[in-house]
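Below you'll find the structure, written out as structure tokens, and then a few comments.
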Amino acid sequence: MKSLFYLFLSIVGVWLFSSCSDDFLGETETTDLDQATVFADSTYTADFLNQIYVDIGFDIQHNRYKDQYNDHGGLQTSCDEAAYKASTGLTTDVMFATGTVNPVTISEDDVWRIAYRNIRRVNVFFKYADGSRMAEAAKEEYKAEARFLRAWYYAMLLRHYGGVALIGDDVYETVEEAIKERNSYADCVEYIVDEANKAAETLPVERSGNKFGRVTRGACKALISRVRLYAASKLFNGSDFAPTDFPKELLGYPTYDKERWKIAVDAALDVIKMKQYDLYIRNEDENNEAYPGWGYYAQLLPADYYGKVGTEVYCGTIFEKKAGASIDTNRWFAPPSTGGNGIGGYVYHDLAELFPMADGTPTKDSPDYDPTNPANKRDPRFMFTVTYDGCIMKSNMQDTEINISVGTQQDAIYRGTPTGYYTHKFLKFGSMANQMLYGGS
104 MKSLFYLFLS IVGVWLFSSC SDDFLGETET TDLDQATVFA DSTYTADFLN
154 QIYVDIGFDI QHNRYKDQYN DHGGLQTSCD EAAYKASTGL TTDVMFATGT
204 VNPVTISEDD VWRIAYRNIR RVNVFFKYAD GSRMAEAAKE EYKAEARFLR
254 AWYYAMLLRH YGGVALIGDD VYETVEEAIK ERNSYADCVE YIVDEANKAA
304 ETLPVERSGN KFGRVTRGAC KALISRVRLY AASKLFNGSD FAPTDFPKEL
354 LGYPTYDKER WKIAVDAALD VIKMKQYDLY IRNEDENNEA YPGWGYYAQL
404 LPADYYGKVG TEVYCGTIFE KKAGASIDTN RWFAPPSTGG NGIGGYVYHD
454 LAELFPMADG TPTKDSPDYD PTNPANKRDP RFMFTVTYDG CIMKSNMQDT
504 EINISVGTQQ DAIYRGTPTG YYTHKFLKFG SMANQMLYGG S
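Residues 104 to 544 in our numbering are what the sequence shown lists, from first letter to last.
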């Protein structure tokens, strides 16, 4: 995976400089608005800020890579986690998976453009929000949200490209103005941490009502923790193993420093010490005896799936993109017989086999492993991740067995899936749409 990461960095590094003269920030809706009208009204000002939230989950969106005709997969189909769906179009995930990606063919409307587009929106917000007719307390809270969102999008850029250009509060009106030198990886880390800390000073600990899902102080601290963890990891902490033809200070810290791990630990403790988040909450109706692996499953649910707010949220939902009522997850991941189309990719057999038995024994060494009933006595995370032959799903509100064995049925291997599996991750028990049921023994 390191080689794929550095291939990505080197390719995008060329693309960044070659594309700057054409479109550095991309089109943004803000230039088409009457700014005097928007920021003179408190509702319009709030709506402008809301628009900056829209792309917060873009980089890990299940259907991130698209062609002009269809949705396609996300990070899972561009690496060794899941096979991509065959398509007549050439999408970025297919190019990564096949090793054919290059500066010319990589999708332009990806993280680089989307992140900078929203950074510019934040800067526009800062430039005009003080003139808005709203209470000062609300205005300061909105500005803190915007500050966090700017740090969030920079963190997104940092994960993909290493050090990028930090443009401060500037609002560039021309492409020529916007062309700047890239800052070092270290500069970007400190900028993100500083901005998140400033936002945390103003933002509340909890959100409720119509503000549920907006940025909290915990989200600020969690972003710092994540950025510090990446910075301490071997991938960025000492970049001597990086390609020699790429500036080391852009890829990470040129030299290793053990102290960065201590900084990362302290940042994580700052979140834990808030005593605001639990690793998981057991569902009131189902407990861990009835559903082994519930804690793993619960982290994949939206925070308000059971109507719980405040401290009653899962650890994976300190900050999340609110999707609303939708069956898109099923459409992306579920088998054709239940209304899915496999956009989210097909789990590879190698990944499926990595899940051990419930006692920790590898499947190849366990006498209890039964290939015809792979979930039996298996680590429960297996059935929460993998849709396998013989598992039970809801189809038109009826329990049905999924048949992936070779044949003419629509879910079959080589007909519906090239790997013999579909993706179960992110599917929920309680939806009224076609949904995966617990399939273990």
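Note that beta-carbon positions come from the ideal geometry of N, C-alpha and C, so glycine has one too.
With contacts defined as CB atoms closer than 8 angstroms, S440 and S508 fail to qualify as a contacting pair.
Put simply, of D183, T191, S190 the residue whose alpha carbon is nearest the alpha carbon of F199 is D183. The way I'd put it, the segment 261-270 does touch the segment 349-358; three or more beta-carbon pairs between them come closer than 8 angstroms. In this structure, DSSP gives I282 a state outside helix and strand, which the three-state scheme calls coil. DSSP lists no beta-bridge partner residue for Q164.
When the alpha-carbon of A334 is set against those of S287, D348, D373, the nearest one is in S287. The DSSP-derived three-state label of I446 is coil. Beta-bridge analysis with DSSP links Y525 to T490. Between T526 and G447, the C-beta gap is smaller than 8 angstroms, which places the two residues in contact. When the alpha-carbon of A189 is set against those of P206, N205, Y168, T208, the nearest one is in Y168. Straight across, the Cα-Cα distance linking D473 with F485 is about 14 angstroms.
By the CB criterion at 8 angstroms, R253 and V225 fall inside the cutoff. Around the beta carbon of D273, fewer than 16 other beta carbons lie within 10 angstroms, which makes this residue exposed. Considered as a whole, the segment 323-365 harbours 351-354 as its complete alpha helix (DSSP H) runs of no fewer than 4 residues, in chain order.
Excluding its 5 nearest sequence neighbours in each direction, A325 has C-beta neighbours in its own chain below 7 angstroms: V374, I421, F422, listed in chain order.
One thing to note: L193 has its Cβ no nearer than 8 angstroms to the Cβ of T180.
Around the beta-carbon of T277, fewer than 16 other beta-carbon atoms lie within 10 Å, marking it exposed. The alpha-carbon separation between M377 and T305 amounts to approximately 15 angstroms.
Here the segment 450-460 makes no contact with the segment 361-369; the two share fewer than three CB pairs at distances below 8 angstroms.
Between the C-alpha atoms of N506 and C494 there is a straight-line separation of about 8 angstroms.
DSSP places T441 within a helical segment (H, G or I) once states are collapsed to three.
Contact check for V204 and T191: beta-carbon distance about 18 angstroms, past the 8 angstroms limit, so the pair fails to qualify.
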